[in-house]
Amino acid sequence: MLETIALTTVSFIGLLILLVFAHEFGHFITAKLARVKVEEFGIGFPPRIISFKRGETTYSLNAIPLGGFTKMLGEEDPTLPGSLASKSIPIRFLVLSAGSLMNILLPILLFSISFMIPHDMLLEQVQVKEVAAGSPAQIAGIEPGDTILAINDHTIRNRRDVGYFIQLNLGSEINMSLQRGELGQQEVNLKPRWNPPEGQGATGIAIIGVDSTIVRESYPIWKAVPSSIIHGWEILVLFRNEVVGWFIRGTPPQLAGPIGIAELTGEMAKAGLSPLLEFAALISINLAIINLLPFPGLDGGRLIFVALEWVRRGKRISPKKEGLVHLIGFIVLILLIMVISYYDIANIIHGESVLP
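Sequence positions in the sequence shown follow this note's numbering and run 94 to 449.
Right, here's the structure in full:
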């Protein structure tokens, strides 16, 4: 029990530090290149544990590892020389978006390392067990007993691959290569549904895995890097599909707070370094997207004010008003995290999983 808690704590804090450092470094390096005065570059939130000053910038490691900050001179005050607000609109847009850009680029490195590390891979034949009446699969002619060979020319290695490529193409027509006994290979086209009937999947098939085996797999670097870029793009598409699905199905998103993410981080750490790196990459992509949401207190909220200034042909909104809006937004975000964490803790007390 203590070993599990220790592993979860260490891996979660390590994950946070990595993602926060990448995000804040994006802001930091673009600010420095744009000659914006950076007063402090901090990992974690105060109180400070250690700090040192080099040049005009204080570098600090702080006690609360739930974020970080790049404190730039005059983020809303254009009257201060060397302030962020005194720079041109394109420069401010770049500095404010650079953190999320780094969180999108980081997964390329993390996925690449994960793919190069030898790891177990499940190989199995994926067979269709059932086909729902009136489903896209039945209309396309898929039959029980068919073996799924490929989807859109992607070789199917296991059941996870089937679900992955179907979710990646919701609402779009896919080509499925099947092996049908003595009849040989068959090709069918079907369109996975956004909102299938309860108990059915997007295509209306139930699948099983047969002749399963575990193999050790690793990629050379020249294959790992391009594969990581493709995989990162696919994760963005999956995230978009999930958001679209919320609106089409009318179901609210399931959220996990820091405690829920910590629990899953511990599970990934127990599974090995490769799963942990892939999980870190997924969280990094989600962090990038969330930070770009047009909500006060987030980078996206600040970008909205820059965009409004451009629309108003250089006419700024009062720095005091903008600062107040971001402060209120930040407080709302903290309250939201506290509420989600409360439900996470309540689930733990009742012996339920905190994961959505």
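Beta carbons: idealized from backbone N, C-alpha and C, even for Gly.
CA-to-CA distance, residue j to residue i, given in whole angstroms
i: residue 246; j: residue 370; result: 27 angstroms
i: residue 339; j: residue 142; result: 42 angstroms
i: residue 306; j: residue 139; result: 50 angstroms
i: residue 163; j: residue 354; result: 24 angstroms
i: residue 421; j: residue 330; result: 32 angstroms
i: residue 148; j: residue 130; result: 10 angstroms
i: residue 413; j: residue 419; result: 10 angstroms
i: residue 459; j: residue 375; result: This structure leaves residue 459 out entirely; the chain is present only between 94 and 449.
i: residue 451; j: residue 275; result: The structure shown does not extend to residue 451, since the chain spans only 94 to 449, so no value can be given for it.
i: residue 231; j: residue 217; result: 23 angstroms
i: residue 105; j: residue 362; result: 9 angstroms
i: residue 132; j: residue 197; result: 26 angstroms
i: residue 219; j: residue 253; result: 10 angstroms
i: residue 161; j: residue 154; result: 9 angstroms
i: residue 437; j: residue 349; result: 7 angstroms
i: residue 360; j: residue 433; result: 20 angstroms
i: residue 97; j: residue 211; result: 24 angstroms
i: residue 388; j: residue 416; result: 13 angstroms
i: residue 110; j: residue 406; result: 39 angstroms
i: residue 352; j: residue 262; result: 32 angstroms
i: residue 156; j: residue 103; result: 14 angstroms
i: residue 290; j: residue 321; result: 34 angstroms
i: residue 127; j: residue 119; result: 12 angstroms
i: residue 435; j: residue 429; result: 10 angstroms
i: residue 242; j: residue 278; result: 9 angstroms
i: residue 337; j: residue 173; result: 43 angstroms
i: residue 240; j: residue 255; result: 11 angstroms
i: residue 282; j: residue 257; result: 17 angstroms
i: residue 365; j: residue 293; result: 33 angstroms
i: residue 213; j: residue 332; result: 26 angstroms
i: residue 425; j: residue 95; result: 34 angstroms
i: residue 215; j: residue 272; result: 20 angstroms
i: residue 178; j: residue 108; result: 32 angstroms
i: residue 185; j: residue 100; result: 40 angstroms
i: residue 150; j: residue 358; result: 33 angstroms
Paired residues, beta bridge with residue i - DSSP
i: residue 288; result: Paired residues: none, contrary to the question.
i: residue 247; result: 244
i: residue 269; result: 244, 281
i: residue 152; result: 134, 145
i: residue 309; result: 213
i: residue 303; result: 218
i: residue 161; result: 136
i: residue 298; result: 224
Expected contact under 8 angstroms - CB spacing of residue i and residue j to nearest Å
i: residue 235; j: residue 221; result: 6 angstroms
i: residue 384; j: residue 393; result: 6 angstroms
i: residue 259; j: residue 285; result: 5 angstroms
i: residue 268; j: residue 341; result: At roughly 23 angstroms, the Cβ-Cβ gap does not stay under 8 angstroms, so residue 268 and residue 341 are not in contact.
i: residue 64; j: residue 115; result: Here the chain comprises residues numbered 94 to 449, so residue 64 is not present and cannot be evaluated.
i: residue 145; j: residue 134; result: Not a contact, Cβ separation roughly 11 angstroms.
i: residue 270; j: residue 280; result: 6 angstroms
i: residue 224; j: residue 298; result: 6 angstroms
i: residue 325; j: residue 251; result: About 21 angstroms separates the two Cβ atoms, so there is no contact after all.
i: residue 137; j: residue 158; result: 5 angstroms
i: residue 296; j: residue 229; result: 5 angstroms
i: residue 182; j: residue 402; result: 6 angstroms
i: residue 166; j: residue 175; result: 6 angstroms
Discussion item. In chain order, what are the residue ranges of uninterrupted beta strand (DSSP E) at least 3 long that sit wholly in the segment 163-244?
Written reply: 212-224, 240-244
Discussion item. If contact is defined by three or more beta carbon pairs under 8 angstroms, each pair taking one atom from either stretch, is the segment 368-382 in contact with the segment 199-207?
Written reply: yes
Fill in: Cβ contact (3+ pairs, closer than 8 angstroms) linking the segment 376-383 and the segment 187-198
yes
Worksheet item: Does the count of Cβ pairs from the segment 395-415 and the segment 300-316 closer than 8 angstroms reach three?
Response: no
Practice prompt. Could I get the ranges of all uninterrupted beta strand (DSSP E) runs contained in the segment 360-444, with 3 residues as the minimum, in chain order?
Written response: none
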